[in-house]
DNA sequence: CGAATACTGAGCCATAAGGCAAAGTATCAC
DNA sequence: GTGATACTTTGCCTTATGGCTCAGTATTCG
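Chains as they are written, first to last, in this note's numbering: chain A, 1 to 116; chain B, 1001 to 1116.
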């Protein structure tokens, strides 16, 4: 679980930066080289490469170098980490809503169902 | 759009920290006071309060003080920001998968469909 | 083979983030 | 009214982050 939490840390931290989110958006449409990805940004290439490294180390993308060109490909696993986290919160939320609905509908006083 | 991007920045940055994600998980089950939320963490209260401020300023939670107790309540809007972003990437991804399937199935050479 | 291209590594800087302790304020309860 | 409780503010420290420049390496191409 701690390992999962560390994984989640990297996955969510990677999304904290607008540059990296934009890169992910572009890569969702298909693979691209470093140079191609960097073109829309007013940023020095070594700075941009730092973002690519963050995305790669957190599992959002995979990169492969052929000759002098490194191509980036998006990975679904990290999407699933975020998606799973959202689903878990939604399930908790809707569980709470269900209980609230039950309370309102049946008009029965409900004991505090607070565990974990 | 720039305003939306700034909103997204705060929303995603708030998720970058494990303490704040844990707080959101707890609040998904229902409102709680600052003291109650802080209890599971081995952290000074002023440090914990900083996290609460981040979550509030980014729109993840709303807080209300009655007497000496401040109660936090989760807000759905930020969930929707993250959910929307994921859906957009999935749509881009699946659009690419559809085109790839089309390519493989029909065995037709496909021009580069690269548009903004 | 040398110039051009596409990264890559190293070092630096400014700012942000996340923690701490200490002290303060507002409110309850006895 | 005083002690206890629940934050709140301030200032400081360490680490992380995100940017820069410069130089280097590997590869292509004319």
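For glycine and all other residues, C-beta sits at the position ideal for the given N, C-alpha and C.
What number of angstroms, rounded off, separates the C-alpha of residue i from the C-alpha of residue j?
{"i": "residue 82 of chain A", "j": "residue 1049 of chain B", "result": "25 Å"}
{"i": "residue 76 of chain A", "j": "residue 59 of chain A", "result": "9 Å"}
{"i": "residue 1011 of chain B", "j": "residue 19 of chain A", "result": "15 Å"}
{"i": "residue 44 of chain A", "j": "residue 1040 of chain B", "result": "43 Å"}
{"i": "residue 89 of chain A", "j": "residue 80 of chain A", "result": "14 Å"}
{"i": "residue 14 of chain A", "j": "residue 91 of chain A", "result": "25 Å"}
{"i": "residue 1023 of chain B", "j": "residue 1085 of chain B", "result": "22 Å"}
{"i": "residue 1052 of chain B", "j": "residue 1021 of chain B", "result": "11 Å"}
{"i": "residue 25 of chain A", "j": "residue 1057 of chain B", "result": "25 Å"}
{"i": "residue 31 of chain A", "j": "residue 1063 of chain B", "result": "43 Å"}
{"i": "residue 1073 of chain B", "j": "residue 29 of chain A", "result": "37 Å"}
{"i": "residue 16 of chain A", "j": "residue 1066 of chain B", "result": "33 Å"}
Which class does residue i belong to by DSSP, given the choice of helix, strand or coil?
{"i": "residue 29 of chain A", "result": "coil"}
{"i": "residue 1064 of chain B", "result": "strand"}
{"i": "residue 1005 of chain B", "result": "helix"}
{"i": "residue 39 of chain A", "result": "coil"}
{"i": "residue 10 of chain A", "result": "helix"}
{"i": "residue 1056 of chain B", "result": "helix"}
{"i": "residue 1017 of chain B", "result": "coil"}
{"i": "residue 1088 of chain B", "result": "helix"}
{"i": "residue 1075 of chain B", "result": "coil"}
Considering only DSSP beta bridges, list what residue i is partnered with.
{"i": "residue 70 of chain A", "result": "A:65"}
With a threshold of 6 Å on Cβ separation, who are the neighbours of residue i within its own chain once the five nearest residues in sequence on each side are excluded?
{"i": "residue 55 of chain A", "result": "14, 20 and 61"}
{"i": "residue 69 of chain A", "result": "33"}
The stretch 1041-1061 of chain B: positions lying closer than 7 Å to chain A by Cβ: none
Could you run through the stretch 1005-1016 of chain B and flag, in chain order, every residue whose CB is less than 8 Å away from some CB of chain A? 1005, 1008, 1009, 1012, 1013, 1015 and 1016
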